[in-house]
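In our numbering, the protein residues as written are -11 to 183.
What follows is the structure in structure tokens.
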């Protein structure tokens, strides 16, 4: 009888232990599943966060690179445009100098004067001191050859004043002062009637 009681008790406790083990296993399995789901979500979030950070870093690097390239391109284009402006001003100065030489050879000194003044203005824009000084000196010599103030006319004088005032007075002070002195003398000349 005792063996039977022991056997019943053993079976009873064995069943309880089995059911508790099953419950414990189910709880552990549930916890493992919850842990796995949590880890998966955390990992997803971490991966997403890291990817977003890398995307921002790459965006910033690309933006910086693009800005540098854009600045270099703008600088290059600006330099070429400025060089084009210099070339155009030099060409205009040369054309005006040629016109001044032509009118000087035709003994039309008033016309030669304004063409020399225009040439000096454009040479001063490109900061070519030699050609500017030569042109201002040639303009003065053309004014010295003027026979009367009528050759200089109001249009020529107005334009020459505008152009000369645009030339840097500090760099070309001597040439400009000499030109103004010659202009004063030329404007005081009157037409001789020969009577």
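Where a beta carbon is used, it is the ideal one built from N, C-alpha and C, also for glycine.
- Other residues of its chain near residue 123: CB distance less than 7 Å, five sequence neighbours each side excluded: 85, 104, 107, 108 and 111
- Message: What ranges does the beta strand (DSSP E) occupy inside the stretch 44 to 109, keeping only unbroken runs of at least 3 residues that lie completely in it?
- Response: none
- Once you ignore the five residues that flank residue 91 on each side, which residues in its own chain have a CB closer than 7 Å to its CB? 99, 100 and 103
- Item | Cβ-based neighbour list, residue 131, same chain, cut-off 6 Å, excluding 5 preceding and 5 following | 101, 170, 171 and 174
- Message: Between 119, 113, 127 and 97, which has its C-alpha nearest residue 136's C-alpha?
- Response: 97
- Message: Rounding to the nearest angstrom, what Cα-Cα distance links residue 26 and residue 33 in this structure?
- Response: If I take the Cα positions, the gap works out to 10 Å.
- Length of the line joining the Cα atoms of residue 156 and residue 49: Distance between the alpha carbons of residue 156 and residue 49 is about 46 Å.
- Task: Identify the continuous alpha helix (DSSP H) that holds residue 141 and give its terminal residues.
- Result: For residue 141, no alpha helix (DSSP H) segment is defined, and its DSSP state is neither H nor E.
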